[in-house]
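Reading through the structure tokens given below for one structure.
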Amino acid sequence: MSESENLPNPLSSPIRPIRQAKRKAIMKIDKAVPKEKEYKRKREKEKRELQESNKRKKKSIKNQALAINQLPSLDINQNSSSSIDNGLKIDLIRETFIPLECVICTEDIIELLDKADKEGKGGIGGGLVLWTCEQKDCGALFCITCVINYVTFPGRQQGGGLRRRENLKCPTCTRIWDLEAIKDQVRAYDANRLDELGI
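Numbering (UniProt numbering), first residue to last: 1 to 199.
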């Protein structure tokens, strides 16, 4: 038997493995491109919806603030049934008028969210950049940087560590914050910033 008889016939042999691998890779790329475009469109849509929602909230809060300012001035000791109850006015102010800025540094909330979103931090829409005091009748908003500074200052200078938990009070309502919840949010926002908490 000659050597030529032992060699496989190139016409009858299957497609080479390298060609198959190339074809598979091309097919994967062809499938991935439209998926990536779809995800990009979805992200852009979510961003637009968030911006529109923030605009609506800002407009609504401004309108509510104007409505509150237009309420008649009230005397606490006045018992007239025709006037609006003073307690109702206070509830309206507390529940509907939440300023759209950080309580400490007064930076605009929308700008904070946009900045965090551009940096790729803070989850969808950059929401983790904000800390909200969840105490009843408070709801004050803080940026995460101000929260970190507030937690560590002046505790580091006085005792060389964090403020004690009993001193960790909201600057607005003066009730105690949950330090563990702050740690969790800072970790989710940017784990590298945990060092700034002195943990």
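We put the beta carbon where it would ideally sit given N, CA and C, even for glycine. For clarity, every value in this text was computed on a predicted model and none was experimentally measured.
Measure the Cβ-Cβ separation of C138 and C102 and say whether it is below 9 angstroms. C102 is positioned such that its CB atom lies no closer than 9 angstroms to that of C138.
Residues of its chain near R175, where Cβ-Cβ distance is below 7 angstroms and the 5 sequence neighbours each way are ignored: Answer for R175: Q135 and K169, listed in chain order.
Rounded straight-line distance, which links the Cα of D114 to that of C143: 13 angstroms
D108 - partner residues in DSSP beta bridges: DSSP output for D108 lists E101 as bridge partner(s).
Considering just the uninterrupted stretch of the alpha helix (DSSP H) at L141, what are its terminal residues? First-last for L141: L141 to C143, but that is the beta strand (DSSP E), not the alpha helix (DSSP H).
Quick one: give me the first and last residue of the alpha helix (DSSP H) that L130 is part of. Element bounds for L130: not the alpha helix (DSSP H) but the beta strand (DSSP E), L130 to T132.
Where the alpha helix (DSSP H) through L179 begins and ends: L179 to Y189
Would C146 pass as a contact of I104 if the rule is Cβ separation under 9 angstroms? For C146 and I104, yes; Cβs fall inside 9 angstroms.
Per DSSP, cross-strand counterpart(s) of I176: K169
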